[in-house]
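Let me begin by presenting the structure, written as structure tokens, before commenting on it.
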Amino acid sequence: MPTSLIGALRRPRGRPKKFDGPTRVVSLTLPESAIARLAQTHGDLGRAVVSLIERKTPTTSRPAAELVVFGNHAVISVRATPALEQRAGVQLVPLPDGRALLSLEALESVADLELRISDALDDEALSADDRAVFAAVRAILRDARQAQDVALLRRNIIVLQGVRRTRRRSSSAAPTRTT
0 MPTSLIGALR
10 RPRGRPKKFD
20 GPTRVVSLTL
30 PESAIARLAQ
40 THGDLGRAVV
50 SLIERKTPTT
60 SRPAAELVVF
70 GNHAVISVRA
80 TPALEQRAGV
90 QLVPLPDGRA
100 LLSLEALESV
110 ADLELRISDA
120 LDDEALSADD
130 RAVFAAVRAI
140 LRDARQAQDV
150 ALLRRNIIVL
160 QGVRRTRRRS
170 SSAAPTRTT
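Under numbering that gives the first Met the number 0, the sequence shown has 121 at position 122, and the numbering climbs by one with no breaks.
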């Protein structure tokens, strides 16, 4: 079991880390208008600046799949690819930085997902980019399943979906019945 998965989920003592990587204090002089706009993005100015940078960073420079950690919980963030929805049967939930979270149907299990991903990886027609995403997700799921101090939990998320409204026919345009 790679130490990265266990290490990512261990909650160290003291104040939680704000960011994943190394950090340092930086002093900036900004116009009040810029500070006000950053505060609208996030109440913490540091997080606001980082979120703006992450939105501009191409997702291809990030790993194909990675853990996004908050406290002692983590979710899998992936490079959004339609193949995951088509071949693995998941719904992708978009994130602001162009990546996505995996969402399973209510009756689907994580084991079912892992099996579908493995089956897709056996198909030589899978593109190299999609193969990287599938392999990274499979590795994360396998490592979590094999870890003795990590539990795979299923949670529900709220997804809003637009629906098409059908036009009502006017009463004068309604078809007439003849008997």
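Ideal Cβ positions, reconstructed from N, Cα and C, are used throughout, including at glycine.
P30 versus L94: straight-line alpha-carbon distance, rounded: Near 29 Å, if we compare the C-alpha coordinates of L94 and P30.
Residue from K17, Q90 and V77 whose Cα sits closest to the Cα of Q160: Closest by alpha carbon: Q90.
Test item: CB-CB of A64 and I139 under 9 Å: Contact flag set, yes.
Through-space distance from L103 to S126, alpha-carbon basis: Spanning the alpha carbons of S126 and L103 requires a straight line of approximately 23 Å.
Rounded distance between the beta-carbons of L83 and V92, thought under 8 Å: With a Cβ gap of about 11 Å, V92 and L83 do not count as contacting.
Among R61, P62, K17 and I52, the one whose alpha carbon lies nearest that of D43: Measuring from the Cα of D43, the nearest candidate turns out to be K17.
Exposure of L151, with buried meaning 16 or more beta-carbon neighbours within 10 Å: So L151 counts as exposed.
Close-in-space but distant-in-sequence residues of the same chain around A87 (CB under 7 Å, 5 per side omitted): So the qualifying residues of the chain are L112, R115, I116 and A119.
Terminal residues of the alpha helix (DSSP H) in which E65 lies: E65 -> not in any alpha helix (DSSP H); beta strand (DSSP E) instead, spanning A64 to F69.
Residues bridged to A99 (per DSSP): For A99, which the question treats as bridged, DSSP gives the partners V77 and P93.
Buried or exposed (CB count within 10 angstroms, at least 16 for buried), L27: Around the beta carbon of L27, a 10 Å sphere encloses fewer than 16 other beta carbons of the protein chains shown; the residue is thus reported as exposed.
Euclidean distance between Cα positions of V77 and V136: Linking V77 to V136 through their CA atoms gives a straight-line distance of about 8 Å.
Counterpart residues of H72 in DSSP-defined beta bridges: The partner list for H72 (beta bridge, DSSP) reads F69.
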